[in-house]
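Structure, as structure tokens:
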Amino acid sequence: VNSRYSHAKPHSIPGTLQHIGARRLDVARMSVIEYDEQRCVVRDVTDPRLCRQPTAAKQVTWLNVDGTHDPQVMEVLGAQFNLHSLVLEDVMSAGERPKLEEHDNNIFLVLKMLDWDEQRGQIVVEQVSLVLGPDYVLTFQQCVGDVFDDVRERIRQSKGRIRKMGADYLAYALIDATVDHYFVVLEKVAEWADELDVEVERAPQRVRPQDMHVLKRELLFLRRAIAPARETLGTLAHIHDNELISNGVSVFLRDVHDHVVQVTETIELMRESLTSILDVYHAAAANRMNEVMKLLTVISTIFIPLTFVAGVYGMNFDNMPELHWQHGYFYALALMAGVGVATFGYVKWNRWL
Amino acid sequence: VNSRYSHAKPHSIPGTLQHIGARRLDVARMSVIEYDEQRCVVRDVTDPRLCRQPTAAKQVTWLNVDGTHDPQVMEVLGAQFNLHSLVLEDVMSAGERPKLEEHDNNIFLVLKMLDWDEQRGQIVVEQVSLVLGPDYVLTFQQCVGDVFDDVRERIRQSKGRIRKMGADYLAYALIDATVDHYFVVLEKVAEWADELDVEVERAPQRVRPQDMHVLKRELLFLRRAIAPARETLGTLAHIHDNELISNGVSVFLRDVHDHVVQVTETIELMRESLTSILDVYHAAAANRMNEVMKLLTVISTIFIPLTFVAGVYGMNFDNMPELHWQHGYFYALALMAGVGVATFGYVKWNRWL
Amino acid sequence: VNSRYSHAKPHSIPGTLQHIGARRLDVARMSVIEYDEQRCVVRDVTDPRLCRQPTAAKQVTWLNVDGTHDPQVMEVLGAQFNLHSLVLEDVMSAGERPKLEEHDNNIFLVLKMLDWDEQRGQIVVEQVSLVLGPDYVLTFQQCVGDVFDDVRERIRQSKGRIRKMGADYLAYALIDATVDHYFVVLEKVAEWADELDVEVERAPQRVRPQDMHVLKRELLFLRRAIAPARETLGTLAHIHDNELISNGVSVFLRDVHDHVVQVTETIELMRESLTSILDVYHAAAANRMNEVMKLLTVISTIFIPLTFVAGVYGMNFDNMPELHWQHGYFYALALMAGVGVATFGYVKWNRWL
Amino acid sequence: VNSRYSHAKPHSIPGTLQHIGARRLDVARMSVIEYDEQRCVVRDVTDPRLCRQPTAAKQVTWLNVDGTHDPQVMEVLGAQFNLHSLVLEDVMSAGERPKLEEHDNNIFLVLKMLDWDEQRGQIVVEQVSLVLGPDYVLTFQQCVGDVFDDVRERIRQSKGRIRKMGADYLAYALIDATVDHYFVVLEKVAEWADELDVEVERAPQRVRPQDMHVLKRELLFLRRAIAPARETLGTLAHIHDNELISNGVSVFLRDVHDHVVQVTETIELMRESLTSILDVYHAAAANRMNEVMKLLTVISTIFIPLTFVAGVYGMNFDNMPELHWQHGYFYALALMAGVGVATFGYVKWNRWL
Amino acid sequence: VNSRYSHAKPHSIPGTLQHIGARRLDVARMSVIEYDEQRCVVRDVTDPRLCRQPTAAKQVTWLNVDGTHDPQVMEVLGAQFNLHSLVLEDVMSAGERPKLEEHDNNIFLVLKMLDWDEQRGQIVVEQVSLVLGPDYVLTFQQCVGDVFDDVRERIRQSKGRIRKMGADYLAYALIDATVDHYFVVLEKVAEWADELDVEVERAPQRVRPQDMHVLKRELLFLRRAIAPARETLGTLAHIHDNELISNGVSVFLRDVHDHVVQVTETIELMRESLTSILDVYHAAAANRMNEVMKLLTVISTIFIPLTFVAGVYGMNFDNMPELHWQHGYFYALALMAGVGVATFGYVKWNRWL
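Order-wise, the sequence lines are chains A, B, C, D and E. Take the first sequence: its letters are residues 1 to 353, numbered as in my numbering. Take the second sequence: its letters are residues 354 to 706, numbered as in my numbering. Take the third sequence: its letters are residues 707 to 1059, numbered as in my numbering. Take the fourth sequence: its letters are residues 1060 to 1412, numbered as in my numbering. Take the fifth sequence: its letters are residues 1413 to 1765, numbered as in my numbering.
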């Protein structure tokens, strides 16, 4: 599916596991981090049945899965963590819209992870699904490489408060890392918009309308990826009656929500600014056209009558008295000079040019 | 009714049965599927009085009617399933807006079934009405051929959970099949929009404004068919106090609602992208115009003064000293060359062209 | 008041009866229909005091008044049916916005009755006010001729359920007749829009911008007349705690509301489509301009240099060697042909034209 | 402050009395009307301490103040009627937005009084502040001359019900008089818009774009003055739990609210119509441009090649056989006629013009 | 970060203190004002541990911090006033969106302080964070220089009621000073918009499209800084159940909210007016283009045919009878005059020009 308008394809049987989207990874890679305030164990897992181990009380388990295309792996994970079949289906589908679902024993969240592809100069969107349970967090990504390294480091080195808090704080930290990366991508797009902005003020003729279209389209795709997350995280930040999220963490989630709101507002700002840039572009193009037309008109208006006069005295009639005057030629030159100056003056005086 | 703005015609007496819309089928075709976890019976019915048979407990009856133009058939069905006269009226009217009505003993839902007509290159809209009762689902379509074959197959072959669930899950499966087909149609329109997108970036002059208008109109019609379904299915997914829909099925209905939301957002995205494409088109057209005008201006600006000089020395005055100079002709040629180069240089230097 | 932006003029004293709007009828015509399941009496009344007669239980009285300009008649009617002075004032004012008011003993509704004036090719708007009491319905119109004939016929001939139902069903039937007529007017406008649509695809140059403006303005007026009715009828359809409207009739009112929603959505659809048509028109006009400019440029670019060459050899210098060559003329012709072909080829090669 | 974007200037100390806006009146003029069903006393007051006199029960006092620039007068009035310091501050500031405030012992309302300045052809806005207490109404205006004369007359002559009702009805009557005058101003603007509408249909070239801008700006200012009043009066009309407003008067306030809604909708209608007029204007300007270009192209396309032919036979080569043919001249004329007709025919055949 | 789209950069660890934004000040400057009705002490502090001193009952402490880049200072202050780590983080980040957070023991508010940079002719935005506790107010600014001098003066000189009120009134006074300064900035922008308005009416050709773009962009940035404050202050003004804000102060906060609403509406008004100005600009540019084209067309249409006639009689055929007529030359001149007048008349008659 190459179209950037692409989306979840229809599944044949609801609740049947089926990978949708490009198969970016051959084998699913699973890595588990188990930690509490004292200990922290990191291990890679190949057999999904080993993901969940009987753990001590208050220990938090974070399972990250890269590659969601293998139905068998997903089914085992679903059984282990007691996931609804629709959750598994959404995890495997790449084109889901950011959304939040409260299930009996967990909270399911779909977000978009954004990155900037320097080479192609466009935004890369990857889906990240997150399941928050009482003492575990599951994250599912389509391919290797994410924005969670910083969180992993903080857990390992016990930076900040993360090791003292529960699974809900871990979920917050992961959402926060995802949203913070939006700013990095936004910064790239802002540079692009700033360049256009400067260019259109300095030399509008160098801006290609196609460039503006490409930026506008990129902003549209950016908004499609982020805008639903605004509503989703707003809902998440204001859940009060779910024991999976403690009050202390709600404050942090509201902070993330503020950041998403900021991102969406900046996107809107850029879109409106781009519309204004387009207006300038059109106006400048019309002005250049005017300049060209004026030049043509000045030249034509002055010389066409003079050429006519020269043509008259180039006629071959036998009886043309002026031709035989002593200074006829010079009178004619003077006449032409006079007509030229008069025409030019008349045009100037009327401010037509 | 050829107009694509067409709609339900006024009925003379409310509650009087009257077919509205093109009569696409001569005789109504009724087919009944009765199933429970163990058994599944499929039969075609010609006499509407035989549609409902005394059934064992927990058995689900699905009656599909192709062709809704015969008032007598509809009246018998209405009596058998205890339908409100307005429900029958809406079923028979082809131009209804997607809507949801909760009646005492059933839930009535109107949706649009979309298909892509490859030959005419446009979207075909058909209305599908669905009545969900305690142990039955009725579906009414205007003509033969639908997107339900997959559901029929799943019932017959007992794929997935469908045979274990009640009538509400069957209704969900049918709605889901309808909405999934929206993605197929959307994919076609997305291809179309992508082609325009690529074309306008590569060679804007080849794009015809009419093409953009046709796509835009198609998107408008698509939105009209789908947008109200967003609200309708949202309401359906959040019904909590109606015993016709069990909690287990509500989760699935919310999933369908998410898909419809995704479809409507993609339509909006395409519309905005199309607006941007139109801007590029206009800018490119203005640019081409500029190019043409510049060529005309260059040629005119250089040659009009030269032609004037030639005209002067083509005059027939007796006394024109230059004409008798030994190298007058060559001086004139040099003068003309000089004027031409000077004009061209002046224009270039001023960056008028 | 000729302006189509016209509206209710300020009244000097609130609650003082005063006719506003063109006085279209000399004398108010009142007709009364009294009916129950068995009987139906139709009578014309000239004395407003005779409108309400002591009636048997369960009998419904429908009083229709054509012409609302006579304050004395209105005052008597107001006293007979116990109407609020503001209701009478609104009935007499022609420019009221569709609205709904619940009073102690009745429900007051203002709607617009639309018709299509074939001759002038524009929509005619007439105000219809409706008062629903426990056992009566009053309708007030500005001039003779309405869309209620069908309802009258159904009462007289006892078609459908109307004779078995109360005053609330009669009110519904009248509102339904009014709204159904919107579709007739909309059909006319849709034909108009379709014609423009076809025309702009086939031959955009034949479309006049004024035509598009007239249609757009007509749509704006249509929306002004209908859009508030959407909200008004929505409120009416969801009144639950008023004993004047029974539950059985609420279902029908919701149906009417659906129809009004459909009408307003179609109007919006047409407006957006019209915007798109305008874009095509502008693009097509720009294209034609481009064609004309290209023709001018081709001719000028080829012939202006050739004319210059001819001018050179038309000069009268004594010493012009080429003139005396044996085949000078033919060389010149060849030169000119060469320049012409070269210019044309250069332009073509650069794809400037 | 000449800018029409002007607004309340920052006050240095909140609650400190300070006049903001042009000082239109030298001395504040106070006039008091005291009335009940039997009596009515009108008196002009110069000492603000005499405004409130001990009155009989059920008597209503209306104090109107023209000129709000004198802090001392305002302070005395504030003490007499027990007004909040922010109320006094708002009364003295000319650029307040229409708003409603419920205080402990009174309701404070700010509205805009509009008038049409025939000479300058623009809308004049004056602020009117209204305080409704249990048995009094205070109105504050910036300069002499208002739309309340009709209300004064009705009180004096005991027209309608005004003398029988309380202070809340008086407040309604004053608001109603203000809003009714909006229609007068709107009528002027509607005439203006109608003229533009007719002009653009008949002779678009006579319409100046500046005229449309001026009207649009006037509509924007009109909307700014009125739109907040829509919300304000809506709130006022739906106050249920404030004993200052009786139920009987609420019905009247809802009527005023309906009128304001009508005004704002008409303003929106005009704005959209104006946008459409602008489209027509642009299209018509482009059409005229096209016509001019076509003329230029026809003349150039036909005559430029002919002039070239004439130039060829004006060359002075010794050996030009055609020149010595008996009928060479006539052949040349025929050739030129043929070329001209062929060019014209070719252009016509291609429908380029 | 030079981009005006800039925003809060992602923080590595939530709750970790880190300054974001340009470091405008080397050392944080802290000044404390402690006052009650009788006393008022002003002191500058360098050690953050000395900011809060045990105070008498009912005394209000206002701590203003200029420069928020030093994590150590911020940490000490956070500990002293018991601030949430996210509050400290937001205070140190320069790109926060205006927002309101209710914490257990304080209310945290972020606003934008605006100023007008005369030299660069653009708006300068600085973030001001405010923490309201039971008996203290903290304000944090990025650099020295603010709009609070007036409030300081009022406290010192005990002007108005400020010394008699609590910390909530002080918070109000500071918010009010911030919002009042919006009007000063708005006045500057309004002047700018007025100039453009006048210029475009008088001489549209002098307006540069870039100027309009710059103003539009400035309005967009203004709106981004202020619009969220509208919602924020609205929430603040309607907090009822928080004992930090007394009822008496709520009235004042509603007044500030009204002012912010006024500012945002004026910004919207300017944006719409600017759109209209742009329309006039485009229309005027098209008109000038038309004028230039008409001049070119008049000259060309008249002289091109005449030049052709002169060319014909400049041909050198042996047998051209007209050349030998006695008055041939004068007949030719008359013919040319006739053709010129006829062409001009034809064009005028057709109103092509």
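In this text, a Cβ means the ideal position worked out from N, Cα and C, and glycines have one as well.
- For Trp1175 (chain D), the uninterrupted beta strand (DSSP E) segment begins and ends at 1166-1176.
- The beta carbon of Val613 (chain B) is closer than 6 Å to those of Val532, Ala582, Arg583, Leu586 in its chain, skipping five residues each way along the sequence.
- In the DSSP assignment, Gln786 (chain C) falls outside any beta strand (DSSP E) and within the unbroken alpha helix (DSSP H) covering 777-787.
- With respect to the C-alpha of Gln1131 (chain D), the residue from D:Ala1087, D:Thr1323, D:Leu1122 having the closest C-alpha is D:Ala1087.
- Interface criterion not met: the Cβ of Pro557 (chain B) is under 8 Å from no Cβ in chain C.
- When 7 Å is used as the limit between beta carbons, Gly314 (chain A) is near these residues of chain B: Gly664, Gly667, Met668, Asn669, in chain order.
- Counted as a single uninterrupted DSSP element, the alpha helix (DSSP H) harbouring Val633 (chain B) occupies residues 600-665.
- Put simply, the segment 30-37 of chain A touches the segment 152-166 of chain A. At least three CB pairs are less than 8 Å apart.
- Put simply, the CB of Phe1756 (chain E) is far from chain A, with every gap to its CB atoms at 8 Å or more.
- Inclusion of Val1601 (chain E) and Glu1630 (chain E) in the CB contact set at 8 Å is warranted, their separation being smaller than that value.
- Here Val1559 (chain E) carries a coil assignment [DSSP, helix/strand/coil].
- Ser246 (chain A) has a beta carbon lying at 8 Å or more from every beta carbon in chain B.
- In this structure, Thr1049 (chain C) and Pro1011 (chain C) form a Cβ contact; the two beta carbons are roughly 6 Å apart against a cut-off of 8 Å.
- Taking each of C:Ala883, C:Phe846, C:Cys849, C:Arg867 in turn and checking the Cα distance to Asp856 (chain C), the smallest one comes out for C:Ala883.
- Your pair Ala1016 (chain C) and Gly1373 (chain D) checks out as a contact, with CB atoms roughly 7 Å apart and the cut at 8 Å.
- Bounds of any beta strand (DSSP E) do not take in Lys1407 (chain D); it lies within the alpha helix (DSSP H) bounded by 1387-1408.
- Per DSSP, the unbroken beta strand (DSSP E) holding Ile1535 (chain E) starts and ends at 1534-1544.
- The Cβ atoms of Val751 (chain C) and Cys757 (chain C) lie closer than 8 Å to each other.
- When rounded, the separation of the alpha-carbon atoms in Glu621 (chain B) and Leu606 (chain B) is 23 Å.
- Assigned with DSSP and collapsed to three states, Lys164 (chain A) falls in helix.
- Here the segment 1257-1277 of chain D does not lie against the segment 1156-1171 of chain D, with fewer than 3 beta-carbon pairs under 8 Å apart.
- Under the three-state reduction of DSSP, Arg52 (chain A) is assigned to coil, being neither helix nor strand.
- Membership of Phe927 (chain C) in the alpha helix (DSSP H) is indicated by the continuous run 915-943.
- Within chain B, the C-beta atoms nearer than 7 Å to that of Phe303 (chain A) come from Ile657, Pro658, Phe661, in chain order.
- The beta carbon of Asp632 (chain B) falls within 8 Å of a beta carbon belonging to chain A, placing the residue at that interface.
- Here Phe140 (chain A) carries a strand assignment [DSSP, helix/strand/coil].
- Measuring C-alpha to C-alpha distances from Ala1286 (chain D) to each of D:Val1169, D:Gln1118, D:Ser1152 identifies D:Val1169 as the nearest.
- By the Cβ rule, the segment 1191-1211 of chain D counts as touching the segment 1122-1129 of chain D, because three or more pairs are nearer than 8 Å.
- Closest in alpha carbon position to Leu274 (chain A), among A:Ser85, A:Ala171, A:Val200, A:Ala167, is A:Val200.
- Taking Ala1391 (chain D) as reference, the option from E:Tyr1758, E:Val1724, E:Trp1737 with the minimal CA-CA separation is E:Val1724.
- Within 10 angstroms of the beta-carbon of Lys647 (chain B) lie 16 or more other beta-carbons, which makes it buried.
- Met30 (chain A): member of the beta strand (DSSP E) spanning 29-35, first to last residue.
- Among the residues of chain E, none has a CB under 7 Å from the CB of Gln210 (chain A); the nearest is roughly 20 Å distant.
- Residue pairing by DSSP puts Glu454 (chain B) in a beta bridge opposite B:Phe461.
- Met518 (chain B) has a beta carbon lying at 8 Å or more from every beta carbon in chain A.
- In the three-state reduction of the DSSP assignment, Trp1121 (chain D) falls in the strand class.
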